[in-house]
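Residue numbering for the sequence shown follows full-length UniProt numbering, starting at 1 and increasing by one per position.
By construction, the Cβ of each residue, glycine as well, lies at the ideal position given by its N, Cα and C atoms.
Quick notes on the structure that follows.
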Amino acid sequence: MRILLVGASGTIGQLVTHRLLARNHEIITGGRFSGDIHVDLTSKESIENLFKKAGAVDAIISTAGAAEFAPVHSLTPEINQTAVLSKLLGQINLALVGQHYLYENGSITLITGIMKDDPIPGGASAAMANGGVAAFVKSAAIDLKNGQRINCVSPNILEESMEDYGESFIGFTPVSGKEVANAFLKSVEGKQTGQEYKVY
Ligand SMILES: NC(=O)c1ccc[n+]([C@@H]2O[C@H](COP(=O)([O-])OP(=O)(O)OC[C@H]3O[C@@H](n4cnc5c(N)ncnc54)[C@H](OP(=O)(O)O)[C@@H]3O)[C@@H](O)[C@H]2O)c1
């Protein structure tokens with residue numbers, strides 16, 4: 001399949017790329033400063049430009065989307081905007097624009113995360129974005145046309161990310177990148193839609 005992957009240079013993006021390449025898929029990579037095509041998910045124009053350059057694809061994947069961490073008593077509307085514009089709207093706009101470049105029976109797979117189900121201090125903004133993306137996916141699945149599907153993957157903290165974020169996830173049991181990458185593969189090659197694959 002011809003697959004567009006935004007966030008391919010990241011920790012999860014690299015794992016997903018390797019898994020998909022092992023299945024002989026063609027990957028077009030995207031990121032703000034990395035990848036075959038530069039795209040900033042916070043800009044609708046940038047997303048439109050991405051698809052004009054990429055053309056039609058069999059699958060769209062996002063392993064991108066930022067959020068800032070701050071306890072709610074110091075979380076401001078401005079700080080919260082990062083998650084709103086990047087992880088929430090950025091991914092949803094990728095799906096909204098991307099559906100028109102998706103072949104029949106193509107799939108869209110977005111990323112959320114465990115924090116919406118299992119809160120950590122300072123994680124409310126990221127949890128908001130995760131919950132919004134998951135709710136969008138569930139509803140959008142019943143509207144998409146031409147056999148198109150949409151799912152999201154909600155990972156626990158990855159073993160590969162423990163060095164960077166482990167102190168924020170004390171008591172969590174990290175999951176392997178292989179399991180997370182497999183959830184993306186299931187979404188791409190499987191038939192399910194409207195699913196949130198929780199890798200917890
Ligand atoms: N790592 C974990 O354990 C874990 C667990 C659960 C959920 N998640 C979620 O999974 C996502 C990816 O995590 P990660 O650890 O792989 O992150 P990462 O290593 O920081 O990688 C982020 C990737 O997204 C791209 N990116 C960031 N902002 C972008 C934007 N506005 N437009 C386009 N591309 C953008 C980056 O490329 P450029 O820098 O070139 O833009 C990079 O390829 C995040 O939303 C994170 O919250 C991660």
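Under 8 Å between C-beta atoms of K198 and S139: Contact flag unset, no.
Do you know offhand how far L110's Cα is from G132's? Going by the C-alpha atoms only, they are around 11 Å apart.
Distance, Cα to Cα, A183 vs T63? A183 and T63 have their alpha carbons spaced roughly 12 Å apart.
Taking the alpha helix (DSSP H) that N156 falls in, what are its first and last residues? Bounds of any alpha helix (DSSP H) do not take in N156, whose DSSP letter is neither H nor E.
Just checking G7 against ligand 1 - is the residue's beta carbon closer than 7 Å to any of the ligand's heavy atoms? Taking 7 Å as the cut-off, the C-beta of G7 counts as close to a heavy atom of ligand 1.
If you compare alpha carbons, which of I47, V39, N49, D58 is closest to G27? The sequence as given places Ile at residue 27; Gly does not occur at that position. I27 has its Cα closest to that of D58, out of I47, V39, N49, D58.
Is it right to say E196 is buried, meaning 16 or more other beta carbons lie within 10 angstroms of its own, or is it exposed? The residue in question, E196, is buried, as its Cβ has 16 or more Cβ neighbours within 10 Å.
For the segment 106 to 121 and the segment 144 to 159, state whether three or more C-beta atom pairs, one from each stretch, are separated by less than 8 Å. The answer is yes - the segment 144 to 159 touches the segment 106 to 121, with three or more Cβ pairs under 8 Å.
Can you grab the Cα-Cα spacing for the pair P71 / A124, in whole Å? Here the C-alpha atom of P71 lies approximately 7 Å from the C-alpha atom of A124.
At the 8 Å Cβ level, is Q99 part of the contact set with chain B, yes or no? You won't find chain B in this structure, because it holds only one protein chain.
With a threshold of 7 Å (Cβ to nearest heavy atom), would P77 be considered close to ligand 1? No, since every heavy atom of ligand 1 falls outside the 7 Å radius drawn around the Cβ of P77.
Could you name the residues that DSSP lists as bridge partners for A59? According to the DSSP secondary-structure assignment, A59 is paired through a beta bridge with I3, S107.
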